[in-house]
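Each position in the sequence shown, counted from 1, maps to that position plus 2 in this note's numbering.
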Amino acid sequence: DKVLTATFGESRWDHFHTGIDIGGGAQVVRPVDSGEIIFISSENSNTNALSYGLGSFLVVEHDQGIRSLYAHLELSESIAKADPEFVDVDENMAIGRIGDTGASLGKHLHLEIIDVELGSYVNPLVVLPSLRDSIAPTIKRLLVATSQTDLPQPLNWGQRVASDEYRLLVELYDLSEHVAYFCPMAPYK
């Protein structure tokens with residue numbers, strides 16, 4: 003069973019999480035859509051210095067300038083030996099298994115969706131089938147700042163505020179029922 007263990011947009015200690023992480027054991031990984039593999043890096047290759055932390059990974063180019071990146075893989079033998087310029091894939095083809103390569107705390111797939119034309123990352127949860135989630139996000143704290151004050155002030159539940167233009171800052175996180183330790187994730191909905 004596939005489980006979400008990290009979400010898009012998490013503020014990590016040293017970076018913005020540009021994809022999602024999916025756990026659930028050494029399951030087969032298939033592309034999100036048909037396309038062409040344009041880059042393959044094996045953890046044991048010389049090119050891995052380019053991909054610090056991703057371990058064995060590959061990039062698939064899809065129609066309309068969209069790319070998908072699959073990291074921490076155990077690459078399938080046929081893919082690992084392939085010349086990426088000649089590998090067409092479809093959503094039914096196994097490209098590897100969920101692995102533990104690179105900077106990883108356990109078996110998981112790191113999946114990124116990249117809009118090359120816009121030069122931006124896309125939340126993969128927008129394009130994937132929905133995953134079960136039975137825990138609502140936790141709102142830890144609300145802060146407001148008015149046009150007269152630059153510093154946000156705490157806002158308590160039920161507190162009334164005067165009519166004005168406000169900046170609202172929300173400190174919130176989501177937890178996964180599938181992760182035993184405290185691992186706050188960025189909420190999606």
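Cβ atoms here follow ideal geometry from the backbone N, Cα and C, with glycine treated the same way.
CB of residue i within 8 Å of CB of residue j, strictly
{"i": "residue 91", "j": "residue 128", "result": "no"}
{"i": "residue 24", "j": "residue 113", "result": "yes"}
{"i": "residue 74", "j": "residue 104", "result": "yes"}
{"i": "residue 58", "j": "residue 70", "result": "no"}
{"i": "residue 160", "j": "residue 117", "result": "no"}
{"i": "residue 102", "j": "residue 64", "result": "no"}
{"i": "residue 42", "j": "residue 84", "result": "yes"}
{"i": "residue 179", "j": "residue 136", "result": "yes"}
{"i": "residue 22", "j": "residue 154", "result": "no"}
{"i": "residue 111", "j": "residue 168", "result": "no"}
Cβ of residue i within 8 Å of any chain D Cβ
{"i": "residue 174", "result": "Structure shown: chain D not included; a single protein chain is present."}
Nearest-angstrom beta carbon gap, residue j and residue i [assumed within contact, 8 Å]
{"i": "residue 99", "j": "residue 30", "result": "6 Å"}
{"i": "residue 148", "j": "residue 166", "result": "5 Å"}
{"i": "residue 192", "j": "residue 76", "result": "Nothing about residue 192 can be read from this structure; the chain reaches only from 3 to 191."}
{"i": "residue 188", "j": "residue 9", "result": "5 Å"}
Span of the beta strand (DSSP E), counted from its first residue to its last, around residue i
{"i": "residue 43", "result": "37-43"}
{"i": "residue 122", "result": "122-124"}
{"i": "residue 8", "result": "5-8"}
{"i": "residue 190", "result": "Segment: none, residue 190 is in no beta strand (DSSP E) and carries neither H nor E."}
{"i": "residue 146", "result": "140-148"}
{"i": "residue 22", "result": "22-25"}
{"i": "residue 93", "result": "Run containing residue 93: none; DSSP gives neither H nor E here."}
Inter-residue spacing [alpha-carbon to alpha-carbon] between residue i and residue j
{"i": "residue 80", "j": "residue 89", "result": "10 Å"}
{"i": "residue 46", "j": "residue 20", "result": "24 Å"}
{"i": "residue 18", "j": "residue 145", "result": "22 Å"}
{"i": "residue 176", "j": "residue 132", "result": "16 Å"}
{"i": "residue 156", "j": "residue 143", "result": "7 Å"}
{"i": "residue 163", "j": "residue 107", "result": "45 Å"}
{"i": "residue 60", "j": "residue 78", "result": "11 Å"}
{"i": "residue 82", "j": "residue 130", "result": "25 Å"}
{"i": "residue 12", "j": "residue 120", "result": "21 Å"}
{"i": "residue 37", "j": "residue 115", "result": "13 Å"}
{"i": "residue 186", "j": "residue 55", "result": "21 Å"}
{"i": "residue 171", "j": "residue 16", "result": "22 Å"}
{"i": "residue 50", "j": "residue 158", "result": "At residue 50, the pLDDT of 49 sits below 50, so the modelled position is not reliable and the matter cannot be decided from this model."}
{"i": "residue 124", "j": "residue 174", "result": "21 Å"}
N-terminal and C-terminal residue of the alpha helix (DSSP H) that residue i is part of
{"i": "residue 114", "result": "From DSSP, residue 114 is part of no alpha helix (DSSP H) but of the beta strand (DSSP E) over 111-117."}
{"i": "residue 80", "result": "79-82"}
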